[in-house]
Amino acid sequence: MVTKALRSLPAWVGLLALTPLAALAIGALTGDDGGATRALAATRLIDMTTSSMLLVFGATLGVSCIGAGLAWLVCNYRFPGRGWFDWVLMLPLAAPSYVLAYAYLDLTQAAGPLQSALRDATGWRVGDYLFPEVVGLPGAILIFSLCLYPYVYALARSAFNGSGGQTRDAARLLGCTGAAVFWRVGLPMARPAVAAGAALAAMETLADYGAVAHLGVSTYTVGIMRAWSSAGEPIAAARLAVVLVVICLALLWIERAARGRGERFADAASSPPSLIQLSPVRAWVCSGLCLLVLTLALVVPTAYLLSISLDAGPSRGLTDAVVRTLLLAITAAVILTLVGFGIASATRSGSPMARATQQLMSAGYATPGAAAALGILMLVGAVSTLLPDTSIIVAAGPALLIAAYQCRFGSAAQGSVAAALSRHPSVLDEAARTLGCSETSLIGRVHWPLARTGLLTGALLAFVEVVKEQPATIILRPFDFDTLAVLAHGYASEERLAQAASPALAIVLVCAPAMIAVAWLTRQRSLEASANRPTPVGAVPV
Amino acid sequence: MPLTLRQFLRLAILAASVCVVSVGLVGCNDSDATSAADDPGFINLYSARHYDGDDAIYEAFEKQTGIEIRRIEASGDLLIERIRAEGSASPADVVITVDAGRLWRASEANLFAAMPKDSELLTRVPTHLRDPSGEWVGIAKRARVIVVAPDRLAADSVPTYASLADPALKGRLCVRSSSNIYNLSLLAGMIASQGEEAAETWARAIVDNMARTPQGGDTDQIRAVAAGVCDVALVNHYYWVKLASSASEADQSVAQGTQIVWPDQDGDGVHINVSGIGLASDAPNKANAERFIEFLLTSDVQTQLANSNNEFPATDAELNNPALEALGSPIESQAEIWTYGAYQAQAAAIFDRVGWQ
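Line by line, the protein sequences are chains S and R.
Start counting the first sequence at 2; every next residue gets the next number (the working numbering).
Start counting the second sequence at 179; every next residue gets the next number (the working numbering).
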C-alpha cells in the first residue's frame with residue numbers, strides 16, 4: 002500500500018504543479034474582464050490569430066527543412082567537418098529567441114551598423130537600395146527557424162541513424178538518386194521524428210512574446226499581454242491564454258495521432274548507416290550549408306553581442322547572477338527529471354493516473370511564460386485568502402520557482418525519459434516480473450538503467466529551459482535574487498542593449514555545455530541503438 | 179561506473195539540498211518580514227525601475243539610515259499582480275512604477291495606503307503629479323517629445339502633437355507599438371483633455387502617416403530618423419539625451435543628426451509622465467518605508483534620481499544635467515496625471531480600432 006502510494010507520488014507532484022493552469026482556467030471562466038476580450042475580438046484578434054498561424058506555419062516549415070535537411074546530410078554523407086557538425090549543430094538551442102531577435106534587429110535595421118556602412122560606402126540613402134532587415138513576420142520566422150531547428154535536427158538524426166539504413170541502401174541499389182532516397186524513403190521513415198520536433202518548435206513559437214514583440218509582429222500572445230498590460234485586465238489575458246493552450250493541445254493530439262500511423266514504417270532490422278562519399282565540390286557544399294546555418298544561428302548574433310558588450314563592459318552583479326542561475330537551474334533540472342522519471346516509469350507499469358498526468362503536462366509547455374506566471378499568482382492569491390497571515394511567495398521562496406518550472410517544463414524532462422524507456426520492449430519488464438522482481442525493484446533495477454541516457458538528456462533540456470525562462474523567474478524570485486535572464490530582461494526593457502549583451506551572452510555560455518552534452522548523449526544513444534537492437538521509429542521523445 | 183538508482187537518489191538528494199540551501203541563503207537571508215526593535219531593519223522595495231544609477235541612491239539611503247533595501251524588480255503589471263496575490267501578508271513596503279496609469283491602477287486595486295499629508299516633503303511635489311488622496315507621489319518626470327531630422331523636416335513645422343496628424347507627413351513618421359505604456363498614457367491624456375472622438379481621429383491619422391509598422395523601442399525610432407527611414411518620431415525625451423551623452427560615436431552622430439522638439443509650447447505644454455512611489459497598504463515596515471519615500475524627495479536625491487535616467491526632478495530641485503539643460507526648459511502640461519489611468523483601457527481600444535499595432 003505504502004509502496005503503491007510512493008509510486009504514484011511523482012504523478013501527484015506533476016499534477017499539483019499543473020494547478021496554476023487550473024487557476025488560470027477558473028479565473029478565465031469565472032472572472033470579469035470588463036469587456037476587454039470582446040473588444041479585442043471585435044477589432045484585432047482575428048489579425049493577431051492570423052499572424053500567429055502564419056508565423057507557426059512558417060517557423061514549422063523552417064525548422065523542419067533546416068533540421069531534417071541537416072540531419073540527412075550528417076547521417077548519410079561524408080564531408081569535411083561532418084563529425085564536428087554532427088554535435089555542434091545542436092548548439093543554437095542554447096541561445097534564447099529573444100536574444101537573437103534583439104541582436105538581429107539591431108544589426109540589420111536601417112540605423113544598424115551594416116546598413117550604415119553600406120550607405121557610407123556608396124553614398125546611397127535609405128530607399129535607394131533593398132536590404133533584408135530581420136523584422137516583422139519574415140524576420141520572426143527566420144529567428145524561430147534558426148533558434149528551434151535543433152529540436153527537429155536531434156530527433157531526425159536519431160531516426161536516420163537508428164533505422165532504415167538498409168532500406169536506404171536498397172533504394173540506392175535499385176537506382177534511386179540521392180534526392181529520391183530522401184523524399185521517398187528517408188523522410189517518410191523519419192516523418193514521426195520530424196513531426197515531433199516540429200511540434201515542440203511550434204509550441205515554443207506560439208507561446209513566445211519577447212522576440213515577436215520586439216520584431217513588431219502582432220501575434221496572439223501579444224494580444225494576451227496587451228489585454229493584461231494595456232487594458233489592465235488580467236482576466237482577459239487568462240481567457241485568451243486558455244484558448245491558446247487548448248489549441249496547442251489539439252495540435253499535439255493531431256501530431257500524436259499522425260505519429261501513431263507512422264510506426265508502420267519502422268524497420269524490423271537496422272544497421273549502422275553507411276556514409277556515402279561525395280565529389281569534393283558537393284562535399285564542400287554540404288560543409289558550407291552546415292556552416293551557414295551555424296553562422297546565422299549562433300556565430301553572427303553572439304559575435305555582435307560580444308562586440309557591443311565590450312564597449313559597455315559587464316553589467317552589474319554578473320558573477321552573482323551566474324552562480325544563482327546555475328544553482329537554480331541545476332536544482333530544478335534534478336527535481337524535474339526525477340519527477341519525470343517517476344511518471345514515465347509508472348506510465349510504463351500501466352498506471353492510468355500517471356498516463357493522464359503525462360498527457361496533461363504538455364499543457365504547461367504550451368502556456369506562454371507570462372500567462373503561466375499569472376496562473377501561479379492567481380493560485381497564490383487563492384491560497385492567500387485561506388492563509389491571510391502568511392506571505393506565500395516569501396514562505397515558499399525558491400521552491401515556488403521550482404514548482405513554476407515543473408509546471409512549464411516538466412513535460413520536456415519527462416518526455417526524454419519516457420522516450421528512452423519506450424525504446425526498450427516491454428517484454429523486459431515482463432521477464433523481470435516473471436523472475437520475481439517486485440514492482441518497486443522493477444523501478445530501480447530495470448527502468449532506471451534503461452532510462453539512463455534519457456535522464457541526462459531530460460535534465461539538460463530542463464536546465465537550458467530554466468536558464469532561459471524570464472516571466473516566472475522575474476516575478477516569483479526572492480528579494481535581491483537576479484538571475485541572468487532577469488538581468489538581460491531588465492536592461493533590454495530599458496533599451497540598453499549593450500548592457501543586456503553580457504548577461505545574454507552568459508546565458509548562451511551557460512547553456513552551451515549542456516547542449517553539447519545533449520548532442521553527445523543522443524549520438525551515443527543512436528550509435529548504441531543501431532549497433533545493438535531494433536529501434537521503433539515511433540519512439541521519439543516529446 | 180554506472181550509478182544505481184539508490185546511489186543516484188542519494189547523490190541527487192544531497193546535491194539538491196545543497197542547492198536549495200544555498201539558493202535559500204543567497205535569496206532570502208532572513209525571511210521574517212518585520213525587523214527587531216534595536217536593529218534599524220529593512221524595507222522591501224518593489225520596483226519597476228531598473229536604472230543602474232538608482233543603485234547609488236539606494237546605497238546612500240542604506241549608509242545614511244542603516245536601513246537595508248531588499249528589492250524585487252519587474253514590470254509594473256507583474257508587480258501589481260504579485261502584491262494583489264500576496265494579499266494582506268504581502269511583504270511589500272514601497273512600490274515604484276514608471277507610469278502614472280499603473281500607479282492609478284495599483285491605487286484602484288487598494289494596494290496603497292495614504293501617506294501622511296502633513297509631510298512637508300510630499301507637498302514639494304506639485305499637486306498634479308501626485309494622487310489627490312495621497313496614496314502615491316511622482317518622483318521623476320519624463321516628457322513625450324517629437325524628434326525630427328532638421329535637414330529634412332523643419333522643427334517649426336511640427337510644433338504640436340496635433341501637427342503629427344498632418345497628411346503632409348504621410349509615410350514620414352516613426353513610432354513604437356501602441357502596447358507601449360507611454361503611447362497609451364499619451365492617448366489617455368488626449369482623451370481626458372479633448373475627448374474620445376478627437377483622440378481617435380488623431381490616432382487614425384498617425385497610423386496613416388507611419389513610415390513603417392511599429393517595431394523596436396524608442397531609441398530605435400530616433401535611430402530610424404537619423405538613418406533616414408523617417409523624418410519625425412514620437413519618443414520619451416531621455417532616450418535622445420542618453421544618445422547625445424553616450425560615449426559611443428555612433429550614438430552621438432545619431433543625436434547630432436536629429437533634434438528634439440518640445441510639443442505644444444504655445445498650448446497646454448509637453449505631455450508629462452512620472453515614475454512614482456506608493457506606500458503599500460499592508461507595509462510591514464511602514465516607518466522605514468515613509469523614511470525612504472521622504473529621502474527620495476529631498477533635493478539632492480531628487481537631482482540624483484532624475485540624473486540617473488536623464489529625467490526631470492518631480493520637485494523644484496535643481497537639474498544639474500548639462501546635456502538636458504542644453505535643450506532649454508519646456509513648458510509642461512499641468513494635466514492631472516492620474517487621469518491617464520482611468521482612460522488607458524479606452525486608449526487601448528482606440529489603438530485597436532485604428533489598427534495601431
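Glycine included, C-beta positions come from ideal geometry on N, C-alpha and C.
This one's a predicted model, so the numbers in the text were calculated from it and none came from an experiment.
Every unbroken alpha helix (DSSP H) inside the segment 77-104 of chain S [4 residues or more]: 83-89
Could you spell out where the alpha helix (DSSP H) holding phenylalanine 239 of chain R opens and where it closes? 230-243
I'd like to know whether the C-beta of arginine 240 of chain S is nearer than 7 Å to at least one C-beta of chain R. no
Assuming contact is defined by CB atoms lying nearer than 7 Å, are methionine 379 of chain S and glycine 166 of chain S in contact in what I supplied? No. Outside cutoff.
Which of the three DSSP states, helix, strand or coil, is assigned to arginine 317 of chain S? coil
Between which residues of its own chain and valine 467 of chain S is the CB-CB distance below 6 Å, once the five residues before and five after are set aside? Ala330, Ala333, Tyr406
Chain R within 7 Å of asparagine 533 of chain S, Cβ atoms only: The predicted position of asparagine 533 of chain S is uncertain, since its pLDDT is 49 and thus under 50; no value can be drawn from it.
Do serine 98 of chain S and cysteine 66 of chain S have their beta-carbon atoms positioned less than 7 Å apart in this structure? Not in contact: cysteine 66 of chain S and serine 98 of chain S (Cβ atoms no closer than 7 Å).
Please list the segments of the beta strand (DSSP E) lying wholly inside the segment 295-370 of chain S, counting only runs of 3 or more residues, in order along the chain. none
Using only the alpha-carbon positions, how far apart do leucine 46 of chain S and isoleucine 274 of chain R sit? 32 Å
Beta-carbon separation of threonine 517 of chain R and alanine 370 of chain R under 7 Å? yes
Residue environment, leucine 245 of chain S, which counts as buried when at least 16 other CB atoms sit within 10 Å: buried
For glutamate 298 of chain R, is the classification buried or exposed, using 16 other Cβ atoms within 10 angstroms of its Cβ as the cut-off for buried? exposed
Note down, in chain order, all residues in the segment 415-428 of chain R with a beta-carbon under 8 Å from any beta-carbon belonging to chain S. Within the segment 415-428 of chain R, the qualifying residues are Tyr417, Ala425, Ser426, Ala428.
Interfacial residues, the segment 219-244 of chain R to chain S, with Cβ spacing under 8 Å: Asn222, His228, Tyr229, Asp230, Asp233
Three Cβ pairs or more, each shorter than 8 Å: is that satisfied between the segment 236-243 of chain R and the segment 350-365 of chain S? no
Assign proline 479 of chain S to one of three DSSP states: helix, strand, or coil. coil
May I have the straight-line CA-CA distance separating alanine 389 of chain R from leucine 331 of chain R, to the nearest angstrom? 14 Å
Among S:Leu402, S:Val395, S:Pro151, S:His215, whose alpha-carbon lies nearest the alpha-carbon of alanine 520 of chain S? S:Pro151
Does the beta carbon of glycine 217 of chain S come closer than 7 Å to any beta carbon on chain R? yes
Which residues, in order along the segment 256-274 of chain R, keep a beta-carbon less than 7 Å from a beta-carbon of chain S? Those residues of the segment 256-274 of chain R that come within reach of chain S (Cβ to Cβ, closer than 7 Å) are Leu256, Glu259, Arg260, Arg262, Ala263, Glu264, Gly265, Ser266, Ala267, Ser268, Pro269.
List in chain order: all unbroken alpha helix (DSSP H) runs of 4+ residues lying wholly within the segment 457-508 of chain R. Fully enclosed alpha helix (DSSP H) runs of 4 or longer: 464-475, 477-485, 500-503.
Using only CA atoms, which one of S:Leu7, S:Thr4, S:Cys249, S:Pro11 lies nearest to arginine 356 of chain S? S:Pro11
Quick one: which residues of the segment 387-403 of chain R get their C-beta closer than 9 Å to a C-beta of chain S? List them in chain order. Arg390, Thr391, Pro392, Gln393, Gly394, Gly395, Asp396, Thr397, Asp398, Ile400, Arg401, Ala402, Val403
Please name the residue in R:Ala381, R:Thr391, R:Glu251, R:Val303 whose C-alpha comes closest to that of valine 136 of chain S. R:Thr391 is the residue among R:Ala381, R:Thr391, R:Glu251, R:Val303 whose C-alpha sits nearest the C-alpha of valine 136 of chain S.
Tell me asparagine 222 of chain R's beta-bridge partners as DSSP assigns them. R:Arg248
Less than 7 Å separating the beta-carbons of alanine 484 of chain R and alanine 318 of chain R? yes
Does isoleucine 528 of chain R have its Cβ less than 7 Å from a Cβ in chain S? Interface annotation, isoleucine 528 of chain R: not in contact with chain S, CB-CB separation never under 7 Å.
Does any CB atom of chain R fall closer than 7 Å to the CB of leucine 422 of chain S? By this cut-off, leucine 422 of chain S is not an interface position.
For chain R, is any of its Cβ atoms less than 7 Å away from the one on alanine 112 of chain S? yes
Around the Cβ of glutamate 264 of chain S, are there at least 16 other Cβ atoms within 10 angstroms (buried) or fewer (exposed)? Reliability fails at glutamate 264 of chain S, whose pLDDT of 49 lies under 50, so the model's placement of it is uncertain and no value is given.
Since valine 465 of chain S and arginine 478 of chain S should fall inside the 8 Å C-beta cutoff, what is the C-beta to C-beta distance between them, to a whole number of angstroms? Not quite, the Cβ-Cβ distance comes to about 19 Å (not below 8 Å), so this is no contact.
Pick out whichever of S:Leu90, S:Ala37, S:Leu175, S:Phe58 has its Cα sitting closest to the Cα of tryptophan 73 of chain S. S:Leu90
Suppose you measure from the CA of alanine 40 of chain S to the CA of alanine 278 of chain R; what does that come to, to the nearest Å? 24 Å
For isoleucine 369 of chain R, would you say it is in contact with chain S, using Cβ-to-Cβ distances shorter than 7 Å as the test? no
Same chain only: Cβ atoms within 6 Å of alanine 467 of chain R, ignoring 5 sequence neighbours per side: Here the set comprises Ile221, Asp271, Val272, Leu457, Ala461.
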